[in-house]
Every structure is written in C-alpha cells, then in structure tokens.
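In the numbering used here, the protein residues as written are 1 to 907.
Glycine residues also receive a C-beta, built at the ideal position from the N, C-alpha and C atoms.
Keep in mind the model is a prediction, meaning the values are calculated, not measured.
Here the structure comes first, spelled out in structure tokens, and everything after it is commentary.
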RNA sequence: AGGCACGUAGCUCAGUGGGAGAGCACUACCUUGACACGGUAGGGGUCCGCGGUUCAAUCCCGCGCGUGCCUACCA
C-alpha cells in the first residue's frame, strides 16, 4: 500500500469513479466478512430486515437501511466482529401478485407441470389484451423464483451503491430450501409441543385472494354505508321491534337477536323468539352486555357472520351456523325448510332467496331492500312493510386485508393456528427485556400484545409460499381425518405435501380411500419471516453457529410492522428458545412526501433512489438519512441531499489541502505522529476535539447517530475549516519567523485532527472517508481501510497537553470573525491585506491572546497591528471584551506581494 | 373513544428551568493562498392556546386545540 501523490488528485471530487472503486475494493478485500472463529462477546449480530422483493426501490429503502449500516459501522470500528447478512423476502402475496401482473398468468391447480417453461417463453403481456394464460402451480412458483431473482439483483445493486457493509456471503431468501426447512421445522416443533392446531372456525377471509388472513394483516378503512331499519316479528304476538343494520343482505344468515340486559325497551323480549322478515325464520332473543343501547335502535341481529362480535355471540349462545357468503364472496345456495334452515314459510323464503343467490353483497343488498319494501314479506301479516324508513347514509370503519381491495368476510373454514393468546403475559415480559430505540416504541408492542384477541392463523390458501408439512389420512369413504394429521419427518425436510408422499405411504395412495391427502395450504409469510434470526444462524443445521449468533444484537425495522414482524419474531423465539430474539430493536421512521403522506409504491409518490445517488453522491444520500433520528418520520427534502454533497466536497478539499501541506514529516521527526503538539492554538484545537470524540461516542452508545453526526459536522465546519485551518495556515507553511517546532506542531495537529474527524465521519460517509484515508493516512497508520481502523478514543489524544490560556482560541476566533466582518462591511474580500488593524481590548484579553497572537495576526493579513488597551474598570459595555476600532484595507493590487511582517504596537 | 408521538423562523428540524438556535430559502457583498461544487454577513419568532408550580417556564404539571400513527368502535 503506497501513498497517493496529493498533487495528482483531480481538482474536483469525482464521486462516481470513487464510489465504483471502493464498492469493488471492499468486495475484493472482504473487509465486511464475518469471522466465525471470534468469540460471541466480540461479535455484533444484525438481524437484517429482508426487503420484500417487489421490483420497486425507493428512497425509503435507502433511509432505513442506512440507519442500520451506520450503527454497524460504528460497532465494526469499535473492534466488533460483525455478522451482517442480507435476506430477500420473496415468498408471499406481493410476489404472487407481481408475477400475475407481470406475466399476465393465473394458476390452475388442475394443469400439469410444463417442464422448462421459463421467463423467455412467458413474455410479459403488457397490454393484457388476452385472457390470462393459465399455468400449473409448480410452473407458477418457478416464474416467481425467476422474477424475484431479477428483482433481488436490483436491490443488491442499490445496497452496494449506498455502501451497506453487508457480508454478501450471508445471503438468503425466505423461499430458499434452508428457509423452507426452518419454517417447516418450526411448525413441527410447535405441533409437537401442542402449540399448533387446526380447527374449523370463523376466519377473516379475503374474497379476491381467497385466503384466510391474520389479525395483524387487517386494517380498517372508512366506507360509506346505509342504515336500514327493519321490523322483526315476535312469535305468538302481533307486535314487532325494529333493528338497524348496514347489511340487510345478511338477513338470511340471521341466527339470533340481542340487546343490552338493562335496556328497558327490550327487556320483555329476552327469552322469546323473533321471526325474521322475508324468510320468516324463528331466532332466539337474548341479552348481552356487548350490545350498545345507543347504537342504531339498541337491538340488533346476530348473523353468521357480519363481524367479530357476531362470532362471539355465536360461540357464547351456541347458535347454529348459517353461512351464506361463500369463499368467492357470492351468496351460496341454501334451502329453507331443511335441517338447520328453519322457516315458517319455506316456499316463500326460498323464492325470495333465489333472487339473491349467486350475487355479491352489493347486488344482493339492493334486491333485499326492494323485497323489504313489500308488506307481503313482513314477518307477520299485520306488520306492514318490513322496511320502516328510507335508508340513512352513514360512514363507518370496515375491515380490509391490508393488501386487499374489498372488505373482508368472516367465513368458517379449516385453518392452522399457533397458540399465542395463552402466552400473552410471557410475550409482554419478553418485550420488557428488549431495549427499544426510541423507548416509546415499546408501548406499541405492549398495546398490540395486550389487545390480541385471536391465536395466530398461519395457513394461507396460496401458492408461492412454504408448504405446511402435513398430510391427512383418508378413511374408507375418502374423507380426511383432520384430527390426526401425518407430520413430515424432520430429516425429510423440506417437503411439499402436494407432490411428496407422507412416511409410510406411497404416491399411488394420494387421494385414494384409505390413502392420504396432502395439505395444499402454505404458511403465512410471517411464519417464515419471524425466523430471520434463526435463518441467519442456521438454526437446526449448525448448532455451533446457532449458539454463536442467537440471540442477535440488533433488529432494525420500521414501526408499522411492530405488530407483525417484531411480534411474531419474539413469539418464535419464545416458542423455540424461551428467550428474546435480540437485545435491541432499532426503529426507523417513515419517509414522507412533502404533503406529509407516507411514501409508498401504491400511492405513486415514491422517488427513485438511483438518480439521487448519481446527483448527490452516495454519501450525500446517507447524510440525509443520518440526520433523521430513530423513530422520527422525515419529510423527503432534496435540499438535505445537497447539503450532504456539500459536506463531501468540503471534506475532499480540506483533506487535500491538509495532506498536501503536511506530506513530509516535520524536519525534526521521522513521522508526524511523534511530533510534539506544543503551541497554544493547537492544544486548544485538540482539547475541543477531545470533547467531540467524547460526545460522538456517547451518542453512538445511545444509538443516536444523528447526534454524533451533528457534533462532528459542527466541529468540522465551524472549528476546523472556518477557523482553526485559517488561523494555522501561515504557521503550517512556515511563513515569517515560524520556528521548526511551531511548524511541526501545526502539521502534527492538522494531520491528527483530520485523522480523527475522518474516523468520526466514517460510519455515515464511508466513501469519501475511505477515499481520503487511502491517500496517506491509511499507509501511515497501517490500517488499510478506515472501516477497520479503531474508533477514536481520548487515549490517542492524551499526549497533547491542556491549553494554558482557557480563552485563547475562543477569543482568537472572535477577533478573527470581527475582522472579517469589518472587511466585508468595507466591501473587501476576507483575504485582502490590511495596512492597519487596531483592536481595543482589556489587558486580560490582550494577555489571553498573546500565545496565539502570531497565528491570529497572520490570518488577518495585517501589515500593522495596534492594541488599544482599555481599562477593564472603565469599559462602558461590559459585554464587549474587545472591538475592532480601526481597519484600513490595502487597495487591491495585481502585484500579490506578501505583507511584510511589522511589529505589533501598543498604546 | 383510548394510547403514543409531535406542534419552535418561509421550509426541514435541533434544543434547554435563566442568552431563542442550525441548515436551507431570501437579501447584500467577495475571485481568497484547499474549496465558486466556495466564502462573508444581514433580515426574519405569540417557541400552538389558556391556566398552574417556580425568584424565573419554550422546557415541568393540568386543561384545551391541531397533526400523525397505533388500538378500539363496525348492529
């Protein structure tokens, strides 16, 4: 490794070439590689978020991943052995949907596998003119794998461009074989411990994706609806009561009526039987404290199923199941007058239902409302039209699958669940053992955990996911026995029950009486994603490695997935290991567009990052990111990128100057590092640097990289470049009567200052700091990469003594600033020499400035300097320690004669 | 409806029981010896409102108002 000739450097910073060089160099030298031979205490383990490989990159990705990288780079410089993997979350609905749209294909489970069907053969049908091409499930999965590979490359390219210090040997995908093994092993272990069960139960169901969804994947959206007041009859009575409903189309699914037990209006009805209009079904009337007397009319119909409360009532009252909404969202055929479907007038009921059968909710609702207007359809002849009033518009919150477009239905289906409700307390205790950054994010976890109402539904009726590794024995009639599933053997994993035969059976017995049926469901993608710490540690495959890497140190993630990813990961760690999955959770905020909406692909307000990186440099983009504190949302502001770029350019120029000035060690010493730092100004500079090192280190220890950046940046601009560098320039060049020792002190200080500041910036600005480091400091210090160089400590600065005059530097800066101000007022440039500068000051100020006066004098370019000594007691303005009384600029001249040194005078 | 967070210069945001700040933007000026991909300076404020604690409140407490997110409400 040789030093770079500073003179040969380009005049301007050429970021593209420099970044490309270091991306390649870091890869070649492997400086980010994990070393499995080092101890756990020396190791810092990152549970990297595997990005959803959806083919779209935006600045939000750069934002949050940079936060983690900054923390990682700090730990690396602290000497830690870093485990920093990268995963790709490619299984699941987003990928399926993207593949469906991209290739314009749909799965047909009946289709046979077509070998060798590849990307090239399934050309994207951009216009979508033709009906979708149907493909077999295995072919569909292959297409998913092929497309995600392309997307992963795009992500990988971005991560390299922004300088993530990932160990690329530790790459995984949540659909790859090792992940499938881990997810299936996790399931087998849950089942073995009684934590996994399957059950036919009402489940939130998306009618478009035709799959169950979990509580955590549900969101609410405001939807306009209408209240319908409908009269119900009472068996053995001519009277009626009125319920208000937004979903009259579910009338056929009505299985009960309820009101609050204290509601005087309905108290007499409890225990009686109501009769529904249209279908004339007798249903029980029961009291329930869950009913709210202030809502609607205070009395309501219980349907199977309108909402989650219906499920509660259905269970508590052991009501019958009348499921009329099918899995496709259409009303299923039913027959009133048959068992389970009672009616006082089955013929009329069936006739009315026939008009809505096969329709979706909206269509059915319109028909039902018309039917309700007809007095003939009343629940008792004397009551008049069931519809008591014109529908009244209301807006209400309706549950949606977060990725879906139409409201969820509740459909009774058989699903696999993992028990979580009974472990709420343990889950809460786990959350308390983890440090959340910022701390208030722990509240979100606690709120979610405490409010959990359902076990985790882990089965999904989808294709591109990890198969649930079970089969069901078939009886002589070909009916599956769900109570006694056949589990895969751990040594056979991964398995696909739709193509593999279970232990003890052969393929010919598939779907045959007495044989077996393979489970067709796959896991919820979170079931696999919740194992990312174990995927990184090779859980179940390499026990030694697992012990070394689990639990992890940090989990970086964003706050909207605390209830999913963080929650489920903690659940898995509890279920499998009885411990926490990581010690720290590091929460990044969101990137908001200028209207303060979250940037997301679906809103179409994202900004593509590559162009930003080209324009403002990778470090410039990282600077923007590094300015945002954890947990704080940040508005996208291109100006911040610009400021970042300016910092990068400034570092380039300042470093070029410092290193060119100090290319040769002081004449009295072999190296810069050994030269004594003796001058007052230099000692002051180092004293302030000590403060910066202390503050930046403390900030990093609190995970507050933005604070560390702030103190470093402030020091760099306002102390190093604006003031110290200007004051020390003359001495560093050996101008005037500078002694060799004084010059050596300046040179040693400049190099030491740059050396330390570069390392303080290195976690945030890895490219420019590495570039500068490589010219000179790297070869000199023997640390080839700044990113493997030690984090600055006070010990490195301990050889420099404390300054003698506490105010010397502060005053020198102030006087220098005042002189510059005066020059500006006079319309001259800062560099213009002054034929005379007269400064009034108290004796104390004059004395304090004495040890730095030569530097100050040089910086002001004063040919003659006069002190006007003010009596301290006589000053009228006590706040003014000094004032520039006279400043005479020399006329601008083409002949740039350096000002002759003239002695300062006092009067 | 509850919880959490936030409200400071035109914008983006730091901050602290005692002096209201930074960057950007704006205005004026400067070819300077690292840097015009730069520099020097200037104007700009009801620190959301009202009460309380305190010698002293932008900061602590209470009550409002507004914004965002999470949870709940779905008849």
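A direct Cα-to-Cα measurement between residue 57 and residue 625 gives close to 16 angstroms. Out of 719, 722, 748, 720, the CA that lies nearest to the CA of residue 733 is found in 748. Secondary-structure assignment with DSSP links residue 465 through no beta bridge to anything. Taken through DSSP and simplified to helix, strand or coil, residue 409 comes out as strand. Here the alpha carbon of residue 705 sits roughly 34 angstroms from the alpha carbon of residue 815. Here residue 109 is exposed. Its C-beta has fewer than 16 other C-beta atoms within 10 Å.
For a cut-off of 8 angstroms, the C-beta gap from residue 720 to residue 764 is around 16 angstroms, too long to register as a contact. By the Cβ criterion, the region 362-373 is in contact with the region 246-264, since at least three pairs of Cβ atoms, one from each stretch, lie closer than 8 angstroms.
Going by DSSP, residue 838 is part of the beta strand (DSSP E) stretching over 834-841. With respect to the C-alpha of residue 130, the residue from 147, 106, 143 having the closest C-alpha is 106. Cβ-Cβ separation between residue 490 and residue 372: approximately 58 angstroms, too far for a contact (criterion under 8 angstroms). Of the candidates 681, 500, 450, the residue whose Cα lies closest to the Cα of residue 430 is 450. With fewer than 16 other Cβ atoms from the protein chains shown falling within 10 Å of its own Cβ, residue 541 counts as exposed. Within a 10 Å sphere around the beta-carbon of residue 634 sit 16 or more other beta-carbons, which makes this residue buried. With at least 16 other beta carbons inside 10 angstroms of its own, residue 161 counts as buried. Between the region 172-189 and the region 769-780, the count of Cβ pairs shorter than 8 angstroms is below three; the stretches do not touch. Rounded to the nearest whole angstrom, the C-alpha separation of residue 132 and residue 479 is 34 angstroms.
Closest by C-alpha distance to residue 293, out of 317, 144, 304, 258, is 258. Spatial neighbours of residue 94 in its own chain (CB-CB distance under 6 angstroms, excluding positions within 5 residues in sequence) are listed in chain order as 52, 54. Beta-bridge annotation (DSSP): residue 164 is not paired with any residue. Shown here, residue 233 sits in a strand according to DSSP, grouped into three states. Take residue 805, set aside five residues on each side of it, and the residues of its chain with a beta-carbon closer than 7 angstroms to its own are 680, 848, 851, in chain order. In the three-state reduction of the DSSP assignment, residue 778 falls in the helix class.
Rounded to whole angstroms, residue 382 and residue 239 show a C-alpha spacing of 9 angstroms. In the displayed model, residue 767 falls within a helix according to three-state DSSP. The shortest C-alpha to C-alpha distance from residue 788 to any of 768, 794, 762, 807 is the one to 762.
Rounded to whole angstroms, residue 432 and residue 418 show a C-alpha spacing of 22 angstroms.
Nearest Cα to residue 730 within the set 718, 750, 715: 750. Residue ranges of uninterrupted alpha helix (DSSP H) with 4 or more members, entirely inside the region 471-550 and ordered along the chain, are 525-529, 532-537, 543-549. Pairing residue 610 with residue 582 gives a Cβ-Cβ distance that is not under 9 angstroms. Of the other Cβ atoms in all chains shown, 16 or more fall within 10 Å of the Cβ of residue 519; this residue is therefore buried. Within 10 angstroms of the beta-carbon of residue 529 lie 16 or more other beta-carbons, which makes it buried. Put simply, of 223, 141, 323 the residue whose alpha carbon is nearest the alpha carbon of residue 92 is 141. For the region 9-57, the continuous beta strand (DSSP E) assignments of 3+ residues that do not extend past its boundaries occur at 43-45, in sequence order. Here the C-alpha atom of residue 166 lies approximately 28 angstroms from the C-alpha atom of residue 655.
Around residue 569, the same chain offers 530, 581 as residues with beta carbons nearer than 6 angstroms, after the five sequence neighbours per side are excluded.
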